[in-house]
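Written out below as structure tokens is the structure these notes cover.
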Amino acid sequence: MNKLLKIITLGCKVNQAETESLAAGFVRQKNWKLAGPQEDADLCIINTCAVTQKAAMQSRQAIRKAVRGHSNAVIVVTGCYAQNDPKALGDIKGVDYVIGQGEKHRIIEIGSALKHLGTPKPALTCFNSPIIRHSDISGPRRFAPMPAPAAGVFRTRPFLKIQDGCNSFCTYCIVPYTRGRSRSLPADAVISEFRALADANSPEIVLTGVHIGKYGQDLTPQMDLAGLLVLLDSVNGGHRIRLSSVEPAEITDTLLQTIYESERICPHFHIPLQSGDASILQKMKRPYTPQVFAERIETIHGLFPDAAIGVDVIVGFPGEDDSAFTRTFELIEALPVTYLHVFPFSPRPGTRAAGFDNPVPAAVIKQRCQMLRRLGEKKKQQFYEKMTGKTLDVVIEIENTGQSGLSRGITDNYIPVYVENACGLQGTRVACQINGSASDEALCGKAVTAILSEQAS
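In UniProt numbering, the protein residues as written are 1 to 457.
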């Protein structure tokens with residue numbers, strides 16, 4: 001009899017990538033399958049986030065909801081919150097295991113060893129205390145082995161994690177403490193997993209990591225992200241390639257030239273700014289100036305006029321006065337940015353910024369966030385309007401969405417679009433004529449031809 005698995009994921013694309021890998025690893029064992037929305041799972045994994053106070057709160061809520069909703073399931077909590085504060089999560093009633101980042105790759109082994117799945121859950125340990133497996137991750141420099149991802153387990157566009165960890169220690173960021181130092185998946189392993197996804201007819205493969213601009217610097221011999229992309233670009237198939245977030249200082253001319261010369265790599269750049277004020281960037285320990293950031297954005301726009309350019313901004317960092325915020329606002333307003341991800345500053349225990357003076361009042365942070373979000377919405381709509389009449393490369397993700405039989409997809413430049421004439425094309429790429437806006441959040445268009453796949457090899 002099949003055992004049922006439920007995985008609940010919070011946070012970043014790296015967490016999502018690891019969830020996909022874990023799910024693929026379980027499903028390959030044949031006696032496991034993913035639980036449906038109304039099915040009571042035998043094993044429920046909550047992959048948590050701790051990057052902000054809000055993310056930590058949402059993680060706790062998700063754990064409690066899983067305990068209530070899957071009364072007979074073994075409850076396994078993992079992710080950045082589990083690494084950062086395992087005792088706090090272990091204290092939540094109903095949690096059976098708390099697994100730190102250093103042991104996450106062993107969750108399949110743990111799950112497969114449990115004997116009582118499918119029956120009412122007994123206490124796993126005396127006194128009903130959870131089993132905590134947690135270790136110091138500040139030292140390891142090798143990429144922890146995770147199951148290879150599989151096409152179509154969760155998403156039409158699978159993630160491929162190529163890097164983990166970060167050495168930057170920005171003063172506001174907890175990630176180096178929850179993910180450890182930067183380390184890269186060796187290029188031959190990346191190519192092997194990438195080729196498997198291409199051979200399975202994935203229409204798009206998303207390369208992700210905590211700090212992918214540092215890819216390969218820890219390998220022997222060293223390589224860089226541009227060099228890896230050249231290798232991946234030579235893998236045949238009907239796929240396209242998307243990069244997740246890349247730091248401004250790591251968007252080199254070589255990287256841009258590699259993307260420019262490729263017909264596969266999507267014209268989509270997500271770039272963390274965090275602040276447009278030089279003094280705030282220094283306090284954050286960010287390794288660039290507003291001028292360097294602006295130059296990189298203008299260079300990208302010059303090479304790729306229709307590229308999506310997304311930007312992260314932190315609002316209300318300690319010491320951000322009206323002038324500093326105005327400089328941030330005016331910098332973004334002047335640049336050809338497509339969309340914004342706006343985050344109110346969230347002091348994280350253990351980071352340097354948590355102890356900084358001159359906190360910004362919550363009401364001021366809220367007002368500034370609203371101003372930037374309105375600016376981001378304006379820029380997004382301007383970008384969408386610019387696309388009307390163009391023919392764009394769209395991956396069809398969902399057929400028959402309920403909106404008059406339209407399918408839903410995502411363009412190569414990262415615009416959601418409702419597509420006519422795409423019946424039977426889920427999981428494929430189509431050339432789509434953009435006709436206008438379906439809503440504030442999506443365009444509409446018509447599939448005019450399929451984008452033919454090459455023979456994978």
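Just so you know, even glycine gets a beta-carbon here, dropped at the ideal spot from N, CA and C. On a predicted model such as this, the values are computed, not experimentally measured, just so you know.
Taking each of Val27, Thr411, Gly11 in turn and checking the Cα distance to Arg264, the smallest one comes out for Thr411. When DSSP reads this structure, Ile131 sits in a beta bridge with Tyr97. For Leu89, no beta strand (DSSP E) segment is defined; the enclosing uninterrupted segment is the alpha helix (DSSP H) at 86-90.
Rounded to whole angstroms, Thr326 and Ala363 show a C-alpha spacing of 17 Å. Taken atom to atom, the span from the alpha-carbon of Ser71 to that of Asp40 is near 8 Å.
Within the same chain, Cβ atoms closer than 6 Å to the Cβ of Arg373 are found at Val342, the five residues on either side in sequence being excluded. The beta carbons of Val311 and Leu340 sit closer together than 8 Å. Secondary structure at Lys161: strand, using DSSP grouped into helix, strand and coil. Each residue's CA atom was taken as its position, placing Glu193 and Asp277 some 41 Å apart.
As the crow flies, the alpha-carbon of Glu385 is around 17 Å from that of Asp393.
CA-to-CA, the gap between Arg181 and Gly165 works out to about 5 Å. Pairwise C-beta distances place the region 152-163 in contact with the region 199-206, as three or more of them are shorter than 8 Å. Going by C-alpha positions, Ile259 is about 35 Å away from Lys54. Scanning the region 345-399 for uninterrupted beta strand (DSSP E) segments of 3 residues or longer gives 391-398, listed from N- to C-terminal end. In the structure shown, His105 falls within a helical segment according to DSSP collapsed to helix, strand and coil. Assigned with DSSP and collapsed to three states, Ser202 falls in coil, not helix or strand.
A residue is called buried when at least 16 other Cβ atoms come within 10 angstroms of its Cβ; Phe169 does not meet this threshold and is exposed.
DSSP, read as helix, strand or coil, puts Ile309 in strand. Here Thr254 is exposed, its C-beta having fewer than 16 other C-beta atoms within 10 Å. Using a 10 angstroms sphere on the CB of Arg28, the tally of other CB atoms stays under 16, which defines it as exposed. Going by C-alpha positions, Trp32 is about 28 Å away from Gly424. It is roughly 9 Å from the alpha-carbon of Ala62 to the alpha-carbon of Thr48.
The Cβ atoms of Ile396 and Gly436 do not sit closer than 8 Å to each other.
Judged by DSSP secondary structure, Gly79 falls outside any alpha helix (DSSP H) and instead within the beta strand (DSSP E) spanning 74-79.
When the five nearest sequence neighbours on each side are left out, the beta carbons in the same chain lying within less than 8 Å of the beta carbon of Gly216 are those of Ser184, Ala187, Gln222, Met223, Asp224, Leu225, Gly227, Leu228, in order along the chain.
Put simply, the backbone Cα of Ile271 is about 43 Å away from that of Leu114.
Take Met387, set aside five residues on each side of it, and the residues of its chain with a beta-carbon closer than 6 Å to its own are Ile434, in chain order. For Ser439, the enclosing beta strand (DSSP E) has its first and last residue at 429-439.
For Asp85, the closest alpha carbon among the candidates Gln38, Glu399, Tyr177 is that of Tyr177. Of Ser346, Pro347, Lys446, the smallest CA-CA separation from Gly389 is found for Lys446. At the C-beta level, Ile75 and Cys44 come within 8 Å of one another. Between Glu330 and the set Phe383, Gln291, Gly350, Thr299, the nearest pair of CA atoms involves Gln291. With a 10 Å radius around the Cβ and a threshold of 16 neighbouring Cβ atoms, Pro361 comes out exposed. For Glu320, the closest alpha carbon among the candidates Ile332, Arg296, Arg368, Arg408 is that of Arg368. The shortest C-alpha to C-alpha distance from Val95 to any of Asn2, Arg60, Glu333 is the one to Arg60. With a threshold of 16 other beta carbon atoms within 10 Å, Ser138 falls short and is exposed.
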